[in-house]
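Q: Quick note, the sequence shown lines up with residues 4 to 158 if you use our numbering.
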Amino acid sequence: MASAQHLNVDIVLHIISFLQGRELSRFSRTCKRYHTHALRRLLKVVCLHDVTQLVRCCACVLVDADVRGPWIEVLDVTSPALEMAVDVDMHTVTHVINSPGTSMLADVLVHCHGLRDLSIECLDELLVVDPQLSTSIATLRCIKSFRFQVGFQFR
């Protein structure tokens, strides 16, 4: 009986093309030989919707940023991924930005040489918290679409 390690890489890439998200992440951990192929597909389109996703994704990319950073082609970061807490005081809503997460995001963006589509919510507040983010965005040379929203979006 043949094991997965003896499959042709083209066949494995075809199988990977049907996987998304969690299944692709799990597949990347099953076999060392196919880890890079699965991770490359997983990082092609990145949508970060909560703090845990932001931190895990950035940590994964920063392990080998020069190799993994260019794999990201589309990056979508929503405001819940950047919030740590929301304080409501006297009818005023104050958001506390996840500063470690924003600095990690800035570090990742510096290595995203293949990024062509970037979408970030609450960019105005992020730039105040972490000015390095504007420098990182300015280094993006392949960007074709850059969308941002001012302020937090409640979901």
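The beta carbon of each residue, even a glycine, is placed where N, CA and C say it ideally should be.
When DSSP labels each residue in this structure, what does Cys125 get in the three-state scheme?
A: coil
Q: What's the gap between the Cα of Ala41 and the Cα of Val111?
A: Between Ala41 and Val111, the C-alpha separation is close to 19 angstroms.
Q: Distance, Cα to Cα, Arg44 vs Val153?
A: 30 angstroms
Q: With 16 as the cutoff for other CB atoms within 10 Å, does Cys145 come out buried or exposed?
A: exposed
Q: Which residue comes first and which comes last in the beta strand (DSSP E) that contains Phe149?
A: 148-151
Q: What number of angstroms, rounded off, separates the C-alpha of Tyr37 from the C-alpha of Ala68?
A: A direct Cα-to-Cα measurement between Tyr37 and Ala68 gives close to 19 angstroms.
Q: So is Ile14 buried or exposed if we call it buried at 16+ other beta carbons inside 10 Å?
A: exposed
Q: Pairing CB atoms from the segment 52-61 with CB atoms from the segment 124-136, are three or more of them under 8 angstroms?
A: no
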